[in-house]
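Residue numbers (my numbering), protein chains in the order written: chain A, 1 to 774; chain B, 775 to 1007.
Glycine included, C-beta positions come from ideal geometry on N, C-alpha and C.
Encoded as structure tokens, the structure appears first; notes follow it.
What follows is the structure, encoded as structure tokens:
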């Protein structure tokens, strides 16, 4: 049954509908933000981890030229190893599909680790040859279906393969081989076949899973395996591309989202708390009446707590709706184009909803109850009398007569008013600061990303085409390619391979070690101060993020370990400011002093125009030709999530600042109706009233802006720090144009709300407002 | 300056399905410079009449002439200008701006008109010259009402309208305030209209208009108004 008190509360809400709506809106946005991000992350994490379990993702990938049956048996008998399986791994290229490459796994028996998930067609029969289970994304990109035949290789080595089924592979949730930044399904796919289909290829890979409660370290396991096999390349799950990219992306989003949500929530909470308390204070006389009618304090408090619930419930529903269908869905739609998993759709509920709703309820009910309790301390009779207007008093500024005497009359009124109502001023200030900070942070994200890309691709990168080879080649083997690239200004041949890099404190990174000629012109390295740096004849160059991750500095000793276990001792020669790429750099000379490995070419960095690149497109030695523009664009795609955040950031903080100004304006209006009516009776024009009453909002905004900039910069710094991965580092930057636009947006909102409030002045009923004290 | 004329003025409020006639065929005339008391029990419609005369409300029908113009024909802006330049208003509950000092409250009124009095002079007239830098909450009721009168007077209006100016005051303070108002009329030659339910004020007026149920029941010109000092209430 709805009690009369509840009825009364509903009517109060109807009277204050704009403030009420603004608060519901603020709370909804807070809930939406926190939940949206977490819904997305928990959906993907859940889908992925289920998939990893279901398909039994390997813990280690071990590569060796040839692996015998006994090698496998020996390995299986090692401590804590659950299962191991050997595979033949090779690449086949499809000339008919413009040289697309298929990474082929040939299995020894039925898959027990990294079990391919059959989507269409049938599994392979035992000992069936020349039949494939093909990557679903690749099949889709090439329009291949079950029953089709594809031709691999050229001339005598040409083979025909029948597509028996279409599959997904748990080790390629994010399939970006050969150092791609984003998947390229046109160019790269994978497939499964039986080992008997590849009689010429030896078994060259072992995948294995560890016992769940094994407490061996990666190092201990690697040593054990190498000892058993007599050397091998070992890749752990945490450094496997797909696993790492997905995990990094989720951690990044989660952390950025959390930071962002907290910043938003703090602002929203404060505004909500103050507004709700204010709304309650305006109920003072009603409280007095209720008390005098004999309602107990408890009853009244309980009923008014209901007011908090009335804000929380719609906020929860609306927030959840926005979270699920706007934020999580948009993020999921972006994510799912890169992650090849069974898209079960975004979940609707996560435990985060409870957290956020409890926070909102605590703030709304808390605000009401605290303010209600404060009012109820007074006697009913006292409550029924209007609260003495907080009397005017002189403010500190008046003592500075130099300043004070120069203020216009209305200037004095506005200034004194600002300081008269401190909670209102603080709420306005904090609201503006929070909203401005978030808006600037949004613009700053955009600026920072662009500045990073400019720095990387205009300053450091001096080449405009990169050619990657499938396997390391000698200079003689690629001399014909040099001939094709006759028009190039510079060509730098580089060697690159993946290494584990151990810092002095035992921390581990997994970058590419890039070896180039000292006289290279492709990368214009600069140190942190911007001075040019040449590749030194001793030691290596690392990026600041690598230096930080490994806790090393110039002159520190590092140990690089190749995937086959070969150890290379290194020393940090310098730290170079290159924001993209998970790479460390060495000169040929420096490399030759620490390693016996002969120089071989993995990549050509070319600067030049009108290059005959088309001729190279079908070259089977080449795995990738990428121009600088393509690299830049791919980088932008990787940053899609960040860009999405930026949009949400600007949109939500815009709404927040609007809501804050709306609440502030309304509060000002209702609490000063009497004053406004008096001014009206005195014959003030509307613009004069606006000047006297609304100008303070403009001042509050102007005071808040610089602090907003400060907090916004800090927030941006924190967000970008969280977003930094070994591949990418973005320095915070908010351009002056962005600052101007951000400031202008906030000011424009304030003026817009002032406009709306100004319109309301027309409707003030002088007679009713001045008749008597309510 | 011309007289104030009410011609068959009606003011009807619609309260749901009922129409309330707060002023029903009200006609009267107040001469320039008179101190007029508008007397009647509560609900008689006297405040409605005062509000209509002050341009704070519009009549349903009839004509009101003040300052030589028919104010019932004025639009919103003209009414604002009318209030701004011609009218001074004094309320029962003073309606001072709480965060302005007494002096500043008066200065506020000065802001909006063409030929204002010096605020200090206005405060002098109401006998409040030593507490002008205090805020309203630091003043007594009578002092606040005198600030309100000073604020109205400072505008140098043709017409001073007072709605129960002594209603919230004790006898002695009320007398002081009333004395101020009668001085403004008698010494400065302003037209002053005082609305009250207190019949004891009646003898002091040049003109007495009595209202009941939205109608004027008596209108008398008193040639020899009683001295304020002699009346008791």
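Per DSSP, the bridge partner or partners of residue i
| i | result |
| --- | --- |
| residue 862 (chain B) | B:934 |
| residue 532 (chain A) | A:526 |
| residue 545 (chain A) | BP columns for residue 545 (chain A) are empty, so no partner. |
| residue 810 (chain B) | B:967, B:981 |
| residue 7 (chain A) | DSSP, once it has assigned bridges, lists no residue as partnering residue 7 (chain A). |
| residue 208 (chain A) | A:60, A:84 |
| residue 877 (chain B) | Paired residues: none, contrary to the question. |
| residue 516 (chain A) | A:587 |
| residue 189 (chain A) | A:102 |
Cutoff 6 angstroms; reference residue i; Cβ partners in own chain excluding five residues on either side
| i | result |
| --- | --- |
| residue 380 (chain A) | 288, 291, 292 |
| residue 1014 (chain B) | An answer regarding residue 1014 (chain B) cannot be provided, because it is not within the stretch 775 to 1007 covered by chain B. |
| residue 670 (chain A) | none |
| residue 300 (chain A) | 290 |
| residue 15 (chain A) | none |
| residue 564 (chain A) | 231, 233 |
| residue 835 (chain B) | 784 |
Spatial distance of residue i from residue j (CA atoms)
| i | j | result |
| --- | --- | --- |
| residue 643 (chain A) | residue 375 (chain A) | 47 angstroms |
| residue 918 (chain B) | residue 939 (chain B) | 11 angstroms |
| residue 703 (chain A) | residue 816 (chain B) | 50 angstroms |
| residue 24 (chain A) | residue 311 (chain A) | 6 angstroms |
| residue 744 (chain A) | residue 434 (chain A) | 15 angstroms |
| residue 536 (chain A) | residue 494 (chain A) | 15 angstroms |
| residue 764 (chain A) | residue 851 (chain B) | 15 angstroms |
| residue 118 (chain A) | residue 124 (chain A) | 10 angstroms |
| residue 561 (chain A) | residue 327 (chain A) | 42 angstroms |
| residue 186 (chain A) | residue 430 (chain A) | 51 angstroms |
| residue 6 (chain A) | residue 889 (chain B) | 54 angstroms |
| residue 425 (chain A) | residue 419 (chain A) | 7 angstroms |
| residue 806 (chain A) | residue 336 (chain A) | Outside the displayed range of chain A (1 to 774) lies residue 806 (chain A), so it cannot be described from this structure. |
| residue 971 (chain B) | residue 283 (chain A) | 32 angstroms |
| residue 646 (chain A) | residue 36 (chain A) | 15 angstroms |
| residue 991 (chain B) | residue 795 (chain B) | 15 angstroms |
| residue 60 (chain A) | residue 235 (chain A) | 6 angstroms |
| residue 657 (chain A) | residue 273 (chain A) | 16 angstroms |
| residue 190 (chain A) | residue 465 (chain A) | 26 angstroms |
| residue 227 (chain A) | residue 220 (chain A) | 11 angstroms |
8 angstroms Cβ shell around residue i - same chain, five flanking residues per side excluded
| i | result |
| --- | --- |
| residue 8 (chain A) | 286 |
| residue 678 (chain A) | 770 |
| residue 894 (chain B) | 877, 903, 906 |
| residue 901 (chain B) | 920, 950, 954 |
| residue 943 (chain B) | 915, 916, 919, 951 |
| residue 777 (chain B) | 803, 804, 805, 806, 839 |
| residue 782 (chain B) | 799, 800, 801, 835, 836, 837 |
| residue 46 (chain A) | 347 |
Same chain, Cβ closer than 7 angstroms to residue i, five either side skipped, listed in chain order
| i | result |
| --- | --- |
| residue 742 (chain A) | 436, 439, 440, 443 |
| residue 948 (chain B) | 940 |
| residue 528 (chain A) | 544, 575, 577 |
| residue 256 (chain A) | 645, 719, 722, 723 |
| residue 324 (chain A) | 39, 346, 348 |
Cutoff 8 angstroms: residue i Cβ touching any chain E Cβ
| i | result |
| --- | --- |
| residue 903 (chain B) | Considering every chain present, this structure includes no chain E. Its protein chains are A and B. |
(message) By the 7 angstroms beta-carbon criterion, what residues does the stretch 410-439 of chain A contribute toward chain B?
(response) 413, 416, 417, 420
(message) So if I threshold CB-CB distances at 7 angstroms, which residues from the stretch 674-685 of chain A count as touching chain B?
(response) Within the stretch 674-685 of chain A, those residues whose Cβ lies closer than 7 angstroms to any Cβ of chain B are, in chain order, 674, 675, 678, 681, 682, 683, 684, 685.
(request) Quick one: which unbroken beta strand (DSSP E) runs of 3-plus residues sit fully inside the stretch 548-633 of chain A? Chain order, please. (result) 557-562, 567-575, 583-587, 601-607, 622-627
(message) Give the list of continuous alpha helix (DSSP H) stretches no shorter than 4 residues that lie fully inside the stretch 83-160 of chain A.
(response) List check, alpha helix (DSSP H) in window: 136-142.
(message) For the stretch 756-772 of chain A, list every residue whose C-beta sits within 7 angstroms of some C-beta in chain B, in sequence order.
(response) 766, 767, 770, 772
(request) Could you run through the stretch 805-834 of chain B and flag, in chain order, every residue whose CB is less than 8 angstroms away from some CB of chain A? (result) 821, 825, 828, 830, 831
(message) Please list, in chain order, the residues of the stretch 871-897 of chain B that have any C-beta partner in chain A closer than 8 angstroms.
(response) 871, 872, 873, 874, 875, 878, 881, 882, 883, 885, 886, 887
(message) Going residue by residue through the stretch 14-57 of chain A, where are the continuous alpha helix (DSSP H) segments of at least 4 residues, counting only ones entirely within it?
(response) 17-54
(message) Ignoring anything shorter than 3 residues, give me the beta strand (DSSP E) runs that lie fully in the stretch 716-747 of chain A, in order along the chain.
(response) none
(message) List, from N- to C-terminal side, the alpha helix (DSSP H) runs of 4 residues or more that fit wholly inside the stretch 287-350 of chain A.
(response) 297-322, 329-336
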